[in-house]
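K.L.:
Have a look at this one before I ask anything.
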Amino acid sequence: MKLNRRGFLGATAGAAAAASLSAPMVHAAGMGKPKVVVIGGGAGGATCARYIAKDSKGAIDVTLVEPTRTYYTCFFSNLYMAGFRELGSISHSYGKLASEYGINVVHDWAVNIDREAKTVSLAGGATLSYDRLVLSPGIDFVDGAVDGWDITKQNKMPHAYKAGSQTELLKAQIEAMPQGGTYAMVAPPNPFRCPPGPYERISMVAHILKDRNPTAKIIIADPKEKFSKQGLFQDGWSRHYDGMIEWVGPDFGGNNVSVDADAMTLTIDGEVTNVDVCNVIPAMKAGKICDMAGITEGNWAPVNAHTMQSRVDDNIHVLGDASNQGDMPKSGFAANSQAKVAAMAVRGALTDSKVFPAKFTNTCWSLIDTDDGVKVGASYEATDEKIAKVDGFISKVGEDAALRQKTYEESVGWYAGITSDMFG
Ligand SMILES: Cc1cc2nc3c(=O)[nH]c(=O)nc-3n(C[C@H](O)[C@H](O)[C@H](O)COP(=O)(O)OP(=O)(O)OC[C@H]3O[C@@H](n4cnc5c(N)ncnc54)[C@H](O)[C@@H]3O)c2cc1C
């Protein structure tokens, strides 16, 4: 029997939470190995699966459920569009997770979670049971967020906010723009995946157009009053791409936008503009499987910062973009950092290994033009309320070219490091 979500919560959540926090479930001989199922093989899920498998040295059975055989990182996908990277350099396979870490990699969609039975149903028909479940499904888009756009329009007006074919499509559209044409972006409201991502993308689009199509125009319709690294981006745009980029914030109608994919128009505050490329990045929410599991409040899944456990169900940990955790931005770096905290908590709960206080870090690099890299970052600690920022840093306007080049090179090193931390 499957419990109704509200009934389940009302009846048992409090008791379950108390029991699981006070008494780690250590498996007795004869019970078989404890089982962990990880849903989503991205920055959070792949890292978490690898750390649990690696550090438990075979004491925990780890299954990773991920529909795609190749993971394209969103990080550096803007750089791929601008020709700084090849597509192959941002694509990764799950082979080593299976062959070197013994993870059972299942290429399928999770379509249901029965929290009472502690099982996950897969689209292919299989059912997986778990002692702990880790959810790192990334984001989905909020239906109806941009007037005139839904997922059926993504081929005409790509989001390119999940990397892969969408990224290739947007790149091809930019390269095919007529001379003097217009690229438009509809930017998302907060909170969303990768706060500097849309603005790094604008920089990279301008980088392509400056060479190939110097009379082209770029318009950003933005519902936000301000955006990440705004001073750094706007300084870079005036130095490298003067007069090419128009940012339309909410004071000028950036929050009153509709699109027409057949007519290829963008309407801002009633004013219609013909566009050649329209990159619509809608408002976001936790990957749908979180809703199906009944662990979301609003658009995101709230978590306990000490362990990344869902605040609704202690047997589930939620990582990365899908979680509502506090002060960290939704980034690959953050998801990777949260994954290690969750992996330690899962091992502690299932094998009684030592658990240290949770600490987190994040840095988001962005490339504005060749060798002109900037960054923002912070360290964080877990409090009972949230992941709380401790201190931070940000690049400065007016830094010399050598420092900007070093910052870019640092990001290239980070990319190599995080992808090997995810995939082995
Ligand atoms: C353009 C762009 C640039 C970015 N640049 C940076 C950057 O420079 N640095 C940085 O740190 N971050 C960057 N990010 C953000 C980063 O990509 C995300 O924050 C990060 O990928 C989040 O990790 P995640 O594990 O939450 O989700 P993801 O990495 O998206 O992984 C989620 C996985 O779950 C799978 N999944 C979803 N639903 C199911 C289901 N039902 N069953 C099974 N599997 C499922 C998906 O297929 C996917 O592989 C960027 C993002 C974008 C869009």
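Following my numbering, the numbering of the sequence shown begins with 650 at its first residue and continues without gaps. For glycine and all other residues, C-beta sits at the position ideal for the given N, C-alpha and C.
Taking the CB atoms as reference points, tell me whether S1015 and E849 lie closer together than 8 Å.
P.N.:
For the purposes of this step, residue 1015 is taken as the residue at position 366 of the sequence shown. For the purposes of this step, residue 849 is taken as the residue at position 200 of the sequence shown. Against a cut-off of 8 Å, the Cβ pair of E849 and S1015 comes out as a contact.
K.L.:
May I ask whether a heavy atom of ligand 1 can be found less than 7 Å away from the beta carbon of F882?
P.N.:
Residue numbering aside, residue 882 sits at position 233 when the sequence shown is read from its first letter. Outside the cutoff, so no.
K.L.:
Label K875 either buried or exposed according to how many other C-beta atoms from any shown protein chain fall within 10 Å of its C-beta, with 16 as the threshold for buried.
P.N.:
Indexing the sequence shown from 1 puts residue 875 at position 226. Per the 10 Å Cβ criterion, exposed.
K.L.:
Any heavy atom of ligand 1 closer than 7 Å to the CB of V714?
P.N.:
Position 65 of the sequence shown, counted from the start, is the residue given in the question as residue 714. Within the cutoff, so yes.
K.L.:
Could you pull the DSSP bridge partners for A935 from this structure?
P.N.:
As a position in the sequence shown, residue 935 is number 286, starting the count at 1. Answer by DSSP bridge pairing, in chain order: I788.
K.L.:
What's the gap between the Cα of A1037 and the Cα of A983?
P.N.:
As a working mapping, residue 1037 is identified with position 388 in the sequence shown. As a working mapping, residue 983 is identified with position 334 in the sequence shown. About 13 Å.
K.L.:
Cβ of G943 within 7 Å of any heavy atom in ligand 1?
P.N.:
On the sequence shown, residue 943 is found 294 positions in, with the first residue counted as 1. Flag unset: Cβ of G943 not near ligand 1.
K.L.:
Decide if the segment 908–925 is in contact with the segment 953–972; the criterion is three or more beta carbon pairs, one per stretch, under 8 Å apart.
P.N.:
Short answer: they don't touch.
K.L.:
Rounded to a whole number of angstroms, what is the C-alpha to C-alpha distance between M730 and P683?
P.N.:
Along the sequence shown, one-based indexing puts residue 730 at 81. Along the sequence shown, one-based indexing puts residue 683 at 34. Cα to Cα, the separation comes out at about 43 Å.
K.L.:
Report the option in Q803, N953, Y1064, N928 whose CA atom is closest to the CA atom of V831.
P.N.:
Walking along the sequence shown from the start, residue 831 turns up at place 182. Note that residue 831 is Thr in the sequence shown, not Val. It is N928.
K.L.:
Tell me whether K706 is buried or exposed, calling it buried when 16 or more other Cβ atoms sit within 10 Å of its Cβ.
P.N.:
The residue you call residue 706 lines up with position 57 of the sequence shown. So K706 ends up on the exposed side.
K.L.:
Grab me the residues of Y779's own chain with a C-beta within less than 6 Å of its C-beta, minus the 5 sequence neighbours each way, in chain order.
P.N.:
Position 130 of the sequence shown, counting from 1, holds the residue named residue 779. K684, V686, K767, listed in sequence order.
K.L.:
What residues match up with R850 in a beta bridge as DSSP calls it?
P.N.:
By 1-based counting over the sequence shown, the position of residue 850 is 201. Answer is none; R850 lacks a bridge partner.
K.L.:
Between which two residues does the beta strand (DSSP E) harbouring L968 extend?
P.N.:
Working through the sequence shown from its first residue, we reach residue 968 at position 319. Careful: L968 lies outside any beta strand (DSSP E) and carries neither H nor E.
K.L.:
Are three or more beta carbon pairs between the segment 721–730 and the segment 793–813 nearer than 8 Å?
P.N.:
With the cut-off at 8 Å, the segment 721–730 and the segment 793–813 touch.
K.L.:
How many whole angstroms separate the CB atoms of G773 and D757, which I take to be in contact at a CB cut-off of 8 Å?
P.N.:
Translated into positions along the sequence shown, residue 773 becomes position 124. Translated into positions along the sequence shown, residue 757 becomes position 108. Rounded, the Cβ-Cβ distance is 5 Å, consistent with contact.
K.L.:
Considering only the beta carbon of each residue, do F841 and K979 sit closer than 8 Å?
P.N.:
In the sequence shown, the residue the question calls residue 841 occupies position 192. In the sequence shown, the residue the question calls residue 979 occupies position 330. Closer than 8 Å, so yes.
K.L.:
Could you please give the first and the last residue of the uninterrupted beta strand (DSSP E) stretch that includes I867?
P.N.:
Within the sequence shown, numbered from 1, the residue matching residue 867 stands at position 218. 866–870 is the extent of the beta strand (DSSP E) around I867.
K.L.:
Closer than 8 Å by C-beta to G1062: which residues in its own chain qualify, once you throw out the five before and the five after it? Chain order, please.
P.N.:
Numbered from its first residue, the sequence shown carries residue 1062 at position 413. Excluding sequence neighbours, G1062 sits near nothing in its chain.
K.L.:
Excluding the 5 residues preceding and the 5 following L598 in the sequence, name in chain order all residues of the same chain whose CB lies nearer than 7 Å to its CB.
P.N.:
No answer is possible for residue 598: it lies beyond the span of the chain, which begins at 650 and ends at 1073.
K.L.:
Just how far apart, CA to CA, sit F901 and D1018?
P.N.:
Sequence index remark: in the sequence shown, residue 901 carries index 252 (1-based). Sequence index remark: in the sequence shown, residue 1018 carries index 369 (1-based). Distance between the alpha carbons of F901 and D1018: 27 Å.
K.L.:
For K859, which three-state DSSP category applies?
P.N.:
For this step, residue 859 is matched to residue 210 along the sequence shown. Three-state DSSP puts K859 in a helix.
K.L.:
Could you check what DSSP says for A942 in three-state terms: helix, strand or coil?
P.N.:
To locate residue 942, count along the sequence shown from 1; it is residue 293. Helix, per DSSP.
K.L.:
Taking a contact to mean a Cβ-Cβ separation below 8 Å, would you say Y743 touches A988 in this structure?
P.N.:
Here residue 743 corresponds to residue number 94 of the sequence shown, with the count starting at 1. Here residue 988 corresponds to residue number 339 of the sequence shown, with the count starting at 1. No.
K.L.:
Let's test the definition: count the other Cβ atoms within 10 Å of the Cβ of E715 and tell me whether it reaches 16, buried, or not, exposed.
P.N.:
Indexing the sequence shown from 1 puts residue 715 at position 66. With 16 or more other Cβ atoms within 10 Å, it is buried.
K.L.:
To the nearest angstrom, report how far apart S877 and P845 are at their CA atoms.
P.N.:
Within the sequence shown, the letter at position 228 stands for residue 877. Within the sequence shown, the letter at position 196 stands for residue 845. When rounded, the distance between both Cα atoms is 5 Å.
K.L.:
Measuring straight from C-alpha to C-alpha, what distance separates L777 and A992?
P.N.:
In the sequence shown, the residue the question calls residue 777 occupies position 128. In the sequence shown, the residue the question calls residue 992 occupies position 343. C-alpha separation (whole angstroms): 19 Å.
K.L.:
Say the cut is 7 Å; is the CB of G773 nearer than that to a heavy atom of ligand 1?
P.N.:
Locating residue 773 in the sequence shown gives position 124, counting from the first residue. Checking the Cβ of G773 against ligand 1 gives no.
K.L.:
Which two residues bound the contiguous alpha helix (DSSP H) that contains D1070?
P.N.:
Within the sequence shown, numbered from 1, the residue matching residue 1070 stands at position 421. First-last of the alpha helix (DSSP H) with D1070: 1050–1072.
K.L.:
Does A678 pass the burial test, meaning 16 or more other C-beta atoms within 10 Å, or should it be called exposed?
P.N.:
Residue numbering aside, residue 678 sits at position 29 when the sequence shown is read from its first letter. Low confidence applies here, because A678 scores a pLDDT of 49, under 50, leaving its location unreliable and the question unanswered by this model.
K.L.:
Consider the C-beta atom of W949 and the heavy atoms of ligand 1; say whether any pair is separated by less than 7 Å.
P.N.:
Translated into positions along the sequence shown, residue 949 becomes position 300. Checking the Cβ of W949 against ligand 1 gives no.
K.L.:
For D963, count neighbouring C-beta atoms within 10 Å of its own C-beta (all shown protein chains included) and say buried if the count is 16 or more, exposed if not.
P.N.:
Your numbering for residue 963 matches position 314 in the sequence shown. Answer is buried; the Cβ neighbour count reaches 16.
K.L.:
How far does the alpha helix (DSSP H) with V921 in it extend, from its first residue to its last?
P.N.:
One-based indexing of the sequence shown puts residue 921 at position 272. Element bounds for V921: not the alpha helix (DSSP H) but the beta strand (DSSP E), 920–923.
K.L.:
By alpha-carbon positions, which one of K820, T801, D799 ends up nearest to A809?
P.N.:
For the purposes of this step, residue 809 is identified with residue 160 of the sequence shown, where counting begins at 1. Looking at the Cα atoms, K820 is the closest of the given residues.
K.L.:
For the beta strand (DSSP E) that contains M993, what are its first and last residues?
P.N.:
Indexing the sequence shown from 1 puts residue 993 at position 344. That residue, M993, is in no beta strand (DSSP E); its alpha helix (DSSP H) goes 981–1000.
K.L.:
Please list, in chain order, all residues of the same chain as A1007 whose beta carbon is under 6 Å from its beta carbon, the five residues on each side excluded.
P.N.:
Locating residue 1007 in the sequence shown gives position 358, where the first residue counts as 1. So the list reads H955, V990, A1031, once near-sequence residues are dropped.
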